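J.: Sharing a structure here in structure tokens format.
Protein chains in written order, with this note's numbering: chain A, 37 to 304; chain B, 574 to 978.
This is the structure in structure tokens:
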């Protein structure tokens with residue numbers, strides 16, 4: 037059983053919903069990331085999503101775009117990100133780490149080379165936002181034997197047929213994008229999300245996480261009532277940006293936001 | 574020995590938009606369903622006689638098609654070698670080939686009931702061509718343009734505004750065409766219910782590369798017939814500039830099955846292919862995935878896209894249409910490059926010798942055609958796609974002469 041499945045199984049036994057924070061690796065500088073990952077785990081993160089910086093983040097709003105730009109100013113590459121995961125694993129062998137980003141850095145490294153390096157580093161999942169299941173056969177053939185879960189997005193526009201195809205290709209968990217739009221977008225309609233979750237669950241027994249537009253403890257709590265995982269990104273990355281000139285304050289500030297979300301979620 | 578079956582180029586791409594290993598559909602899940610709807614509408618209306626009749630009438634009466642093929646006799650004589658013919662896309666309404674495609678896609682948008690049009694633009698030619706058809710059809714129009722391009726293409730920005738479009742300055746990344754495309758995609762994913770995204774080149778996710786090609790293929794279909802009428806034969810060689818590659822594929826596509834016709838796509842070598850300052854993914858790039866398709870890219874070893882350079886904003890793009898990537902790999906077309914200096918020299922030559930001021934983009938094609946023609950016989954022919962007129966480039970060329978106009 038993969039580290040991700042194990043984690044969800046434990047949470048299920050405890051009757052808890054997962055909290056999954058997203059931060060961009062190497063933002064605002066490479067030294068910040070590994071200590072920040074540990075601080076997030078301490079503050080209640082169950083799984084960590086680590087953004088791989090990309091020059092053309094088409095699906096991201098301005099907040100995460102700028103995070104990518106800050107990381108790229110330091111030349112942070114996919115190999116560097118894998119190095120950070122490896123360093124994180126020296127002190128934490130249980131918290132799953134999912135890499136989230138765009139296909140091209142993986143494509144250029146080569147699927148086989150990536151899969152091996154990611155397994156060696158201790159990566160548990162891969163979410164490439166611009167890779168739909170239709171184009172994913174080769175990549176899946178490379179990562180699945182290395183026990184890396186392919187995480188796919190389901191969108192508000194996905195038809196029933198597409199949901200089935202996505203759920204069949206995915207393992208670990210399924211990621212429901214709760215708004216039509218880019219990361220950090222506004223209006224989250226909880227009722228709509230609940231309806232979609234029921235629809236997705238017809239196609240899979242995998243846990244379903246919800247992300248995009250969750251920017252407060254209240255929204256996290258509302259989502260926790262319908263989803264198996266609450267995924268938060270832009271609200272954290274925005275705080276990192278505000279503190280980019282005082283990097284020492286980043287870990288405690290992010291931990292504070294996550295703790296309040298953790299508490300709110302655990303009330304469900 | 575078993576002979577290999579020749580490729581039928583008209584059968585490409587496959588059902589999921591692949592040209593060999595290139596093309597395809599690499600977008601976030603939110604856009605998969607809308608792209609499928611677009612593909613269905615495009616496949617349906619390209620077989621619909623009423624739609625095609627409306628398109629043909631617009632191309633004739635609004636755009637001014639067919640555009641002429643002109644035998645540049647004096648240029649051919651002074652240059653030496655093959656006879657040079659120009660397909661005059663510069664004479665279209667709005668001054669370039671771009672309008673062939675925006676007319677088609679806007680008619681499709683109308684059929685699909687979309688009230689809002691968005692587009693990306695580099696030099697501003699596609700933005701102007703989109704704003705033009707949006708004005709004519711009474712559709713809301715938003716054009717995304719990199720802040721750097723806005724600064725170097727003021728006249729086109731003003732044109733778009735006159736036409737009623739809103740021009741959104743894109744401040745992210747390199748602030749050029751690729752970033753404008755990212756921003757247009759972000760708009761589309763957010764407003765997908767009422768918005769039609771008119772992509773200006775043969776890149777992007779399926780069905781865009783095939784659809785834009787099909788709207789631009791009018792160039793090659795007319796040219797085939799015109800060359801037959803004027804010379805009694807097909808041209809020996811075709812030459813077109815390649816940024817994203819829409820004018821080039823428009824000319825090439827109807828000739829792909831004619832193995833005897835040699836095909837040359839000319840990329841922007843900028844300050845030189847080994848200077849690192851170029852926009853030539855086919856000549857000096859590597860395969861990767863960007864903007865919804867797999868193709869050749871100007872990228873670094875880590876898969877990050879590198880800023881490109883060309884004197885012509887319309888060629889300043891790190892990717893290229895997937896069909897070109899495939900034509901390169903199978904050897905059906907040759908991809909070469911012309912530097913900023915070579916393009917400028919050709920710009921002046923054509924202007925002085927034939928009284929035709931070409932766009933700096935098209936000047937890249939002229940530059941290579943002059944070189945190619947000199948290696949050929951006087952009874953052979955080279956057909957060049959003169960994809961746009963040079964009015965928009967007056968200030969760029971004048972600035973090199975130390976003038977501000």
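Glycine included, C-beta positions come from ideal geometry on N, C-alpha and C. For clarity, every value in this text was computed on a predicted model and none was experimentally measured.
When you compare only the Cα positions, how much space is there between residue 879(B) and residue 815(B)?
T.: 18 Å
J.: Check whether the Cβ atoms of residue 61(A) and residue 99(A) sit closer than 8 Å, and answer yes or no.
T.: no
J.: The beta strand (DSSP E) spanning residue 644(B) covers which residue range?
T.: 642–644
J.: At a Cβ threshold of 8 Å, is residue 57(A) touching chain B?
T.: no
J.: Please state if the CB of residue 677(B) and the CB of residue 895(B) are separated by a distance shorter than 8 Å.
T.: no
J.: Taking residue 55(A) as part of the beta strand (DSSP E), name the residues at either end of that continuous run.
T.: Residues 54–60.
J.: So if I threshold CB-CB distances at 8 Å, which residues from the stretch 881–913 of chain B count as touching chain A?
T.: none
J.: Going by Cα to Cα distance, which pick from 666(B), 589(B), 889(B), 647(B) is closest to residue 634(B)?
T.: When each option's Cα is compared against that of residue 634(B), the closest is 666(B).
J.: Chain B partners of residue 198(A), CB-CB under 8 Å?
T.: 602, 605, 606
J.: What residue does the alpha helix (DSSP H) around residue 44(A) start on, and which one ends it?
T.: 39–50
J.: Output needed in chain order: residues of the stretch 216–231 of chain A with a Cβ under 8 Å from some Cβ in chain B.
T.: 216, 217, 218, 221
J.: With a threshold of 8 Å between beta carbons, is residue 251(A) in contact with chain B?
T.: no
J.: Opposite residue 839(B) in the DSSP bridges: which residues?
T.: 814(B), 909(B)
J.: With respect to the alpha helix (DSSP H) encompassing residue 599(B), which residues constitute its N-terminal and C-terminal limits?
T.: Per DSSP, residue 599(B) is not a residue of any alpha helix (DSSP H), being assigned neither H nor E.
J.: Name the chain B residues that come within less than 7 Å of residue 213(A), Cβ to Cβ?
T.: 602, 603
J.: Using a Cβ-Cβ cut-off of 8 Å, state whether residue 193(A) counts as contacting chain B.
T.: A Cβ of chain B is located within less than 8 Å of the beta carbon of residue 193(A).
J.: Taking all protein chains shown into account, do 16 or more other C-beta atoms lie within 10 angstroms of the C-beta of residue 859(B), making it buried, or fewer, making it exposed?
T.: With fewer than 16 other beta carbons inside 10 angstroms of its own, residue 859(B) counts as exposed.
J.: Taking 8 Å as the cut-off, does the stretch 786–794 of chain B touch the stretch 715–729 of chain B (at least 3 CB pairs, one atom from each stretch)?
T.: The answer is no - the stretch 786–794 of chain B does not touch the stretch 715–729 of chain B, with fewer than three Cβ pairs under 8 Å.
J.: Under 9 Å Cβ-Cβ, which residues of chain B neighbour residue 90(A)?
T.: 876, 877, 878
J.: Going along chain A in order, which residues have a C-beta closer than 9 Å to the C-beta of residue 763(B)?
T.: For residue 763(B), the chain A residues whose C-beta falls within less than 9 Å of its own C-beta are 215, 216, 217, 218, 221, listed in chain order.
J.: Can you tell me where the alpha helix (DSSP H) with residue 972(B) in it begins and where it stops?
T.: 967–973
J.: For residue 66(A), return the contacting residues in chain B, with the cut-off set at a CB-CB distance below 8 Å.
T.: Those do not exist, as residue 66(A) stays about 14 Å from chain B at its closest Cβ, beyond 8 Å.
J.: Would residue 216(A) and residue 765(B) be called neighbours here (beta carbons separated by less than 8 Å)?
T.: In contact: residue 216(A) and residue 765(B) (Cβ atoms closer than 8 Å).
J.: Report the partner residues of residue 690(B) according to the DSSP bridge assignment.
T.: 714(B), 769(B)
J.: Can you tell me whether DSSP reads residue 579(B) as helix, strand or coil?
T.: coil
J.: Rounded to whole angstroms, what's the CA-CA distance from residue 300(A) to residue 161(A)? Just pull it up for me.
T.: 26 Å
J.: Would you say residue 759(B) reaches chain A, if we count a Cβ-Cβ gap shorter than 8 Å as a contact?
T.: yes
J.: Roughly how many whole angstroms lie between the Cα atoms of residue 105(A) and residue 92(A)?
T.: Cα to Cα, the separation comes out at about 9 Å.
J.: From the DSSP secondary-structure annotation, give me the bridge partner or partners of residue 186(A).
T.: 162(A)
J.: Between the stretch 139–156 of chain A and the stretch 859–868 of chain B, are three or more C-beta pairs nearer than 8 Å?
T.: yes
J.: Give a yes or no on whether 8 Å exceeds the smallest Cβ distance from residue 863(B) to chain A.
T.: yes
J.: Use the C-beta contact count for residue 976(B): other C-beta atoms within 10 angstroms, 16 or more gives buried, fewer gives exposed.
T.: Within a 10 Å sphere around the beta-carbon of residue 976(B) sit fewer than 16 other beta-carbons, which makes this residue exposed.
J.: Pick out whichever of 234(A), 274(A), 177(A), 90(A) has its Cα sitting closest to the Cα of residue 251(A).
T.: 274(A)
J.: Which residues does DSSP pair with residue 860(B) in a beta bridge?
T.: 869(B)
J.: Contact criterion: CB-CB distance below 8 Å. Does residue 205(A) meet it with respect to chain B?
T.: no
J.: Please state the DSSP three-state secondary structure of residue 794(B).
T.: helix
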